[in-house]
Amino acid sequence: MGEFALQAFDDLPISERFFSGLTMGVTEKSYNQVMEELKECRRKIFAIVSAEDEVEKICRLNVQLFPLTKTIKKQPTEDPSSSEV
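Okay, so the sequence shown: first residue is 544 according to our numbering, each after it adds one.
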């Protein structure tokens, strides 16, 4: 899949391709919500193109969502009122 994207980036004019990316911090809850939204978006896109009777060209849509890090553990915060002076 990645090879197709690299080739399109090199070979196609900007008017014929769309690349977008987002790096973000998430919780497990928001990660799962985003995953469900992406699944729903894919279903909607498929419904749009399936409603057509003709095909004029073949396109590839890639959507990836994956962690760049392992789970980040919160560091306990020190209560400033308990510090000795």
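Note that CB positions come from ideal geometry on N, CA and C, so glycine has one too. Note that the structure is a prediction, hence the values are computed from the model and not measured.
Hey, how far is the Cα of N605 from the Cα of D596?
Translated into the one-based positions of the sequence shown, residue 605 becomes position 62. Translated into the one-based positions of the sequence shown, residue 596 becomes position 53. Distance between the alpha carbons of N605 and D596: 23 Å.
Specify whether the stretch 555–573 and the stretch 582–594 touch according to this definition: at least 3 beta carbon pairs, one from each stretch, less than 8 Å apart.
no
If we call anything under 8 Å between Cβ atoms a contact, is F562 one with R603?
The count along the sequence shown starts at 1 and reaches residue 562 at position 19. The count along the sequence shown starts at 1 and reaches residue 603 at position 60. No, the Cβ-Cβ distance between F562 and R603 is not below 8 Å.
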